[in-house]
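As you go down the protein sequences, you meet chains A and B in turn.
Read in order, the letters of the first sequence are residues 11 to 74 in this note's numbering.
Read in order, the letters of the second sequence are residues -19 to 535 in this note's numbering.
Think of the CB as a built atom: it goes at the ideal place given N, C-alpha and C, for glycine as much as any other residue.
The structure under discussion appears below in the form of structure tokens.
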Amino acid sequence: MDLRQPIGLLFSIFGLLLIAYGVLHAGAGMLRSGINVDLFWGVVLAAFGMLMLWLAGRARGRSK
Amino acid sequence: MPLHLHLHWIDTLIIVLYFVFVVAIGFLLRHQMHTSEDFFLSGRRVPAWITGLAFLSANLGALEMIGMAAAGAEYGMLTSHFYWVGAVPAMIFVALFMMPFYYGSRARSVPEYLRMRFDEKTRALNAMTFAAMTLLMSGINMYAMALLFQAVLGWSMSLSYWLSAGIVLAYTITGGLTSSIYNEVLQFFLIVFGFAPLTWLGLRTVHGWSGLKARLAAMHLHGYMHMWRNMAHPGQNPMGVEWFGLVMGLGFVLSFGYWCTDFLVIQRAMAAENMSAARRTPLIAAFPKMLFPFIVIVPGILALALVPAAQWPTVNGHINYNQALSLMIGRFYPSGMIGLGLVALLASFMSGMAGNVTAFNAVWTYDIYQSYIRPGRSDRHYLHVGRWATLGGILISIGGAYLVSNFNSLMDYMQLVFSFVNAPLFATFLLGMFWKRTTGHGAFWGLLAGIAAAAGHFSLTRSLGGPGGWLGVWHTYPSSMAQNFWGAIWAWSLCMIVTMLISLLTTPRPEAELVGLVRSLTPHPEEASVAWYRRPAWLAGLVIAALVFLNLWFR
């Protein structure tokens, strides 16, 4: 098992969930610190998750 | 601002998804567990980046995360000494100088190395104390975590114990060390991504580092933002320690004792795919370790600056700094991020517990069961025993957690006893690996003398407001931290002297038996075939440069 796969998958899911939640609740309570933390950090998590998935995919392509 | 956090559906969903993933990883790895070495040492085929992050993550238990954030709020940047003077130099040392013997000797555990180098009794002493302490530590971690979850989520202690233990059991009993290591890496990233926004959002609120300094100055809190400036005398800094006690006690004896001899972390490096990967393991761990103060200690300092004293929870009239992280989560995280923050806490707790349990079950099976109870059985038998030991270890941890919840002061005493046992160990390994004249009798009696010295020191001194001094008070330390550091220095020194004296009086082992175990009799590991950027010496140089920079920058 390439560990980057489950890590990438979990972070992508977390990221997308936070992005969706951040967009849907953009008004209420979200702005406790003046920025939409869910949306912003969701993008960071999703980007990290996809990077991991991409690295895993590239490694698999090479070994074939 | 209430301490209590409200869980929205998204937070619960994030926590449940995390549970599903950790258990699934164990389940997917179950087919790889054919031999006992697969189960206890991951078949020695794990790449260095994975063992490196697991090496770090196994140490990031609940006590470490909660405790370091709390220390950040209590002592400020002085807490960074635990990383930039304590852990990281020791990690460099174990990588460059000790890993060749741990990995090269093919020992399956740290106590087994002691048997190969010294004798049966030294191994037995180390194996028994390690097995007992590891499980009790795991129980103490469990208790610390459950206490936090009780405060912020209103979960009962029992719910936290059984839920977290059940999940850790599910993934360690199926996939053994590999599953523990793989999950530790996943958990490492969750810890980083779950806590890093606290620093970001907190610093944004106080207008950066200089804003934080200004705020603390306005609160009349001085000496919190520098590591070295106030270290000349114990009275100048909130830790109550002077530079010598800190560098020798924490930096040398305690940190080297932990990072260089504790099987919990060494086991991760032993699982590496080859010698070069094993030596790189602690160095790869050292890079993120250096940055941890920014996501654990800094949020603690920010909590001190941002949360008014009246809003901190108290225990017996004293501020309970252990809630620093959860106060910050409550202050800055909206729903969704709360789920991620709690996952980070759970991840730190589970990686610590799984680490303890996998280290325990290897030592139990190889060094106690196979050596003294049932030797000479098939490998399959020991694999079975290992799985049962996982269950037994977790149950004993839960028992320990209940014990501590009923007798709170036990926790402090247990940690005290562990510090007695651990303090002298590094002297034994140092002499064993670097002085071929050291004998088994020397090592065994030196170790016992060191433990006795630590206990004796504690009984004859006390600290202001702390326990100790049961047999009379020869000296009073300004803080319990200073007492702890100096106790370690005494224990280490006495262990060193007694081991050397007794070794000189007893017959040494023939040199031929010590090849691969002692530095002067072992060929140095060949790194020529490894790409230059992967060579340990080069990586170590980079870590040292970064370390010097950090110490100077935050002096």
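Cross-chain neighbours of residue i in chain B, by beta carbon under 9 Å
i	result
L27/A	I(-10), L(-7), I(-6), L(-3), G316, G319
L55/A	F173, L320
W64/A	Going along chain B, no residue has its Cβ under 9 Å from W64/A, so there is no contact; the nearest lies around 16 Å.
G37/A	Chain B residues near G37/A: none, gap ~12 Å exceeds 9 Å.
Within chain B, partners of residue i - CB distance below 7 Å
i	result
D48/A	P314, G316, M317
G67/A	None at all; the shortest Cβ gap to chain B is about 17 Å.
Three-state class that DSSP yields for residue i in the structure shown
i	result
T294/B	strand
P(-18)/B	For P(-18)/B, the predicted structure reports a pLDDT of 48, less than 50, and the residue's modelled location is therefore unreliable. A value from the coordinates is still provided. Correct three-state label for P(-18)/B: coil.
A252/B	strand
R489/B	coil
Y457/B	strand
V221/B	coil
T441/B	strand
V523/B	helix
G448/B	strand
V495/B	coil
V26/B	strand
I45/A	coil
Y204/B	coil
E54/B	helix
F534/B	coil
L(-7)/B	helix
S235/B	helix
F7/B	helix
T567/B	Examination of residue 567/B is not possible in this model, given that chain B is present from -19 through 535 alone.
R514/B	helix
T15/B	coil
N387/B	In the sequence as presented, Asn is not what sits at residue 387/B; that position holds Phe. F387/B falls in the coil class under three-state DSSP.
Partners in chain A for residue i, counting only beta-carbon separations shorter than 8 Å
i	result
L166/B	L13, P16, I17, L20
Y204/B	Chain A residues near Y204/B: none, gap ~23 Å exceeds 8 Å.
I30/B	L13
F169/B	I17, F21, F58
Q177/B	Inspection of the sequence shows that residue 177/B is occupied by Pro rather than by Gln. Those within 8 Å of P177/B in chain A are V47, W51.
Y151/B	What Y151/B touches in chain A: nothing, since even the nearest Cβ is about 12 Å away.
Residue i versus residue j: straight-line alpha-carbon distance, rounded
i	j	result
P(-18)/B	G310/B	With a pLDDT of 48 at P(-18)/B, under the threshold of 50, the modelled position of that residue is not reliable, and the figure given next carries that caveat. Roughly 8 Å separates the two Cα atoms.
I469/B	W29/B	34 Å
I353/B	L485/B	33 Å
Y346/B	L396/B	28 Å
A53/B	R515/B	38 Å
M11/A	N163/B	13 Å
F77/B	R360/B	34 Å
G122/B	F387/B	Note that residue 122/B is Met in the sequence shown here, rather than Gly. If you take the alpha carbons of M122/B and F387/B, they lie about 15 Å apart.
L375/B	I161/B	21 Å
F312/B	L286/B	11 Å
M207/B	V245/B	27 Å
N46/A	T185/B	14 Å
I281/B	T479/B	43 Å
L65/A	T109/B	43 Å
L411/B	W180/B	45 Å
Y382/B	R10/B	31 Å
K193/B	V401/B	40 Å
V3/B	T152/B	9 Å
Per-residue contacts from residue i into chain A (C-beta, under 7 Å)
i	result
F1/B	P16, L20
L(-15)/B	The contacting residues do not exist; L(-15)/B stays about 13 Å from chain A at best.
I5/B	P16
L603/B	Since the first residue of chain B shown is -19 and the last is 535, residue 603/B is not available in this structure.
Y162/B	L13
The ligand NAD heavy atom lying under 8 Å from the CB of residue i
i	result
V510/B	In terms of ligand content, the structure shown is empty, and the ligand NAD therefore cannot be addressed.
Partner residues on chain A for residue i, Cβ-Cβ distance less than 9 Å
i	result
I281/B	Neighbours of I281/B on chain A: none; closest Cβ ~18 Å, over 9 Å.
Closer than 8 Å at the beta carbon, the chain B residues around residue i
i	result
G71/A	Simply none; closest approach about 18 Å.
Minimum length 4: unbroken alpha helix (DSSP H) runs contained in the region 292 to 378 of chain B: 304 to 312, 317 to 342
Start-end ranges of the beta strand (DSSP E) lying completely within the region 78 to 143 of chain B, minimum 3 residues: none
Stretch-stretch touch, CB-based, cutoff 8 Å, three pairs: the region 263 to 276 of chain B with the region 78 to 97 of chain B: no
Meets three-Cβ-pair contact criterion under 8 Å: the region 103 to 123 of chain B and the region 80 to 87 of chain B: no
The region 58 to 73 of chain A contacting the region 20 to 33 of chain A, beta-carbon criterion three pairs below 8 Å: yes
Segment contact flag, the region 361 to 372 of chain B with the region 123 to 143 of chain B, C-beta cutoff 8 Å, min 3 pairs: no
Segment contact flag, the region 107 to 122 of chain B with the region 285 to 304 of chain B, C-beta cutoff 8 Å, min 3 pairs: no
Touch test, the region 335 to 345 of chain B against the region 148 to 160 of chain B, Cβ-Cβ under 8 Å, three pairs minimum: yes
The region 170 to 187 of chain B / the region 7 to 23 of chain B touching (three or more Cβ pairs under 8 Å): no
Sufficient close CB pairs (3 or more, under 8 Å) joining the region 191 to 209 of chain B to the region 301 to 308 of chain B: no
Contained alpha helix (DSSP H) runs [length at least 4] in the region 403 to 444 of chain B, N- to C-terminal order: 405 to 414, 420 to 440
Secondary structure, alpha helix (DSSP H): runs of 4+ residues fully inside the region 160 to 210 of chain B: 188 to 198
The region 228 to 246 of chain B contacting the region 60 to 71 of chain B, beta-carbon criterion three pairs below 8 Å: yes
Three-pair Cβ contact test at 8 Å for the region 435 to 450 of chain B versus the region 367 to 381 of chain B: no
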